[in-house]
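K.L.:
Here it is, the structure in full.
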Amino acid sequence: MLIRLHQQGRLSAVARDYQDGAHVELHRHDEAQFLYAARGLMRLVTAAGAWVIPPTQAVWIPPGVEHQIFMSGQVEMRTLFIAAEAAPATLDGCCVLAVSPLLRELILRAIQLEEVETGEHRVLVQRLILHEIAALEHMPLHLPLPDDRRLRSICLALLQAPEQGRTLDDWGLEVGASSRTLARLFARELGMSFNDWRQQLRLTEALPRLLAGQSVQRVATDLGYGSGRAFSAMFRRLLGENPREYVASLGQLATLEKE
Numbered sequence: 001m002l003i004r005l006h007q008q009g010r011l012s013a014v015a016r017d018y019q020d021g022a023h024v025e026l027h028r029h030d031e032a033q034f035l036y037a038a039r040g041l042m043r044l045v046t047a048a049g050a051w052v053i054p055p056t057q058a059v060w061i062p063p064g065v066e067h068q069i070f071m072s073g074q075v076e077m078r079t080l081f082i083a084a085e086a087a088p089a090t091l092d093g094c095c096v097l098a099v100s101p102l103l104r105e106l107i108l109r110a111i112q113l114e115e116v117e118t119g120e121h122r123v124l125v126q127r128l129i130l131h132e133i134a135a136l137e138h139m140p141l142h143l144p145l146p147d148d149r150r151l152r153s154i155c156l157a158l159l160q161a162p163e164q165g166r167t168l169d170d171w172g173l174e175v176g177a178s179s180r181t182l183a184r185l186f187a188r189e190l191g192m193s194f195n196d197w198r199q200q201l202r203l204t205e206a207l208p209r210l211l212a213g214q215s216v217q218r219v220a221t222d223l224g225y226g227s228g229r230a231f232s233a234m235f236r237r238l239l240g241e242n243p244r245e246y247v248a249s250l251g252q253l254a255t256l257e258k259e
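Just so we're aligned: the sequence shown equals residues 1 to 259 in full-length UniProt numbering.
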C-alpha cells in the first residue's frame, strides 16, 4: 500500500492501530517515513537488516526502501510521511532514533491538524518537527545482515537461536573459513565484530520479551547469559538504563499518552 502526501504539504501525519502479531507486508513509499508507535513494539525488516522500535523510539525509512513491519503487542502507530526534498540531509539510511518528549507531542499535534488543509499553525508544527528529527540521537537497535554466504549462514542460524554461545572458531569449522577470515568479514560487511553483532541480536530479542512481562532473569537465561547481572550490564551499556528502569519508563510513557 502506498500512502501519499497532501499535494500542498511537505509532511503528512497518519494514525493507525494494529493487533498483536499483525504484519504489514513488503511495500515502499515515494516519501521518507518516520515510523513511531505511541504504544507497542514494531520490527522493521528490509533486505539490509532488521530494526526493533520500542515506544520511546522511531525508525527513519528513506524514500523508495522496500520494507515490512511486524507488530508485538497492541500497537498504536503514529507515523509521518515526509517529502523527499524536505527530509533531513543527515538521514540517508534506515536508523532508529530516540524520540524526544517535544517531538512526541508534535507528532500527536500534527495528527490532530491533519484535517486542516492549510494554515500557518500547521506549517509551523511541520517545520519544527523536521528540525527535531534532524537533531535526534541514533540508537543501537539495528541488526544488519551480510551478503557473504558464510556470514549469512551464521547470522541466520543465530537469528533462529540467539542463545547459542559458539565462538567464531566453532562457526569457522562449520562454514569452512578461519576465525580470522570471519572476523575480517564481519568488520568489512557489517561494521562491527561478531560479538558486537550477537550482542545487538540479543538486545533486539530481549526488548519484546521484557515488554511482554518476562522477568529479567528469564530473559537473560533464555538468551544465553550466565546471569541477570551480565545481561543488565549489556543492556545498560547500549540503552543507558537497566532493563527494569527501561520497562518502567515505558509504562510511565503509556500512562501519559492516555491522559
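Yeah, the Cβ is synthetic: ideal placement off N, Cα and C, and Gly gets one too.
With H, G and I counted as helix, E and B as strand and the rest as coil, what does DSSP make of Met192?
P.N.:
coil
K.L.:
Assign Arg43 to one of three DSSP states: helix, strand, or coil.
P.N.:
strand
K.L.:
Between which two residues does the beta strand (DSSP E) harbouring Leu136 extend?
P.N.:
Neither: Leu136 is in no beta strand (DSSP E) and is coded neither H nor E.
K.L.:
Short check: CB of Trp51 to CB of His142, under 9 Å?
P.N.:
It is a contact, given that the beta carbons lie within the stated cut-off.
K.L.:
Cβ of Gln160 within 9 Å of Cβ of Gly224?
P.N.:
no
K.L.:
Glu25: which of Gly40, Phe70, Gly64 sits nearest, CA to CA?
P.N.:
Phe70
K.L.:
For Cys95, which of helix, strand or coil comes out of DSSP?
P.N.:
strand
K.L.:
If you draw a straight line from the alpha carbon of Phe194 to that of Val99, how long is it in whole angstroms?
P.N.:
29 Å
K.L.:
If you run the structure through DSSP and keep just helix, strand and coil, what is Gln126?
P.N.:
Gln126: helix per DSSP, three-state reduction.
K.L.:
Just to confirm, is the Cβ distance from Pro55 to Arg39 under 9 Å?
P.N.:
yes
K.L.:
Between the region 126-137 and the region 91-98, can you find at least three pairs of beta-carbon atoms closer than 8 Å?
P.N.:
yes
K.L.:
With Gly172 as the anchor, note down where its alpha helix (DSSP H) starts and where it stops.
P.N.:
Secondary structure note for Gly172: its alpha helix (DSSP H) is the uninterrupted segment 168-175.
K.L.:
Going by DSSP, name the residue or residues bridged to Ala58.
P.N.:
Tyr36, Leu97
K.L.:
Using the three-state DSSP reduction, which class does Leu223 fall into: helix, strand or coil?
P.N.:
coil
K.L.:
Thinking C-alpha only, which one of Ala83, Pro88, Gly172, Val125 is nearest Leu102?
P.N.:
Val125
K.L.:
Kindly give me the distance between the Cβ atoms of Arg78 and Ala15, rounded to whole angstroms, as I take these residues to be in contact under 8 Å.
P.N.:
6 Å between Cβ atoms; contact.
K.L.:
Applying the 10 Å Cβ sphere with the 16-neighbour rule, what's the burial state of Ala13?
P.N.:
buried
K.L.:
Beta strand (DSSP E) containing residue 262: first to last residue?
P.N.:
For the chain, the structure presents residues 1 to 259; residue 262 sits outside this window and is missing.
K.L.:
Taking DSSP as the reference, what is the three-state secondary structure of Arg16?
P.N.:
strand
K.L.:
Measure how close the beta-carbons of residue 264 and Phe81 come, nearest whole angstrom, since I'm counting them as under 8 Å.
P.N.:
This structure cannot speak to residue 264, because the chain is shown only from 1 to 259.
K.L.:
How long is the line joining the alpha carbons of Phe231 and Tyr18, rounded to whole angstroms?
P.N.:
31 Å
K.L.:
Ala230 lies in the alpha helix (DSSP H); which residues open and close that run?
P.N.:
Ala230 -> alpha helix (DSSP H) spans 228-239.
K.L.:
Which whole-angstrom value describes the C-beta separation of Glu243 and Ser72, a residue pair presumed to lie in contact below a C-beta threshold of 8 Å?
P.N.:
As written in the sequence, residue 243 is Pro, which differs from the Glu given in the question. Rounded, the Cβ-Cβ distance is 16 Å, inconsistent with contact.
K.L.:
Anyone know if the C-beta pair for Arg202 and Pro140 falls short of 9 Å?
P.N.:
no
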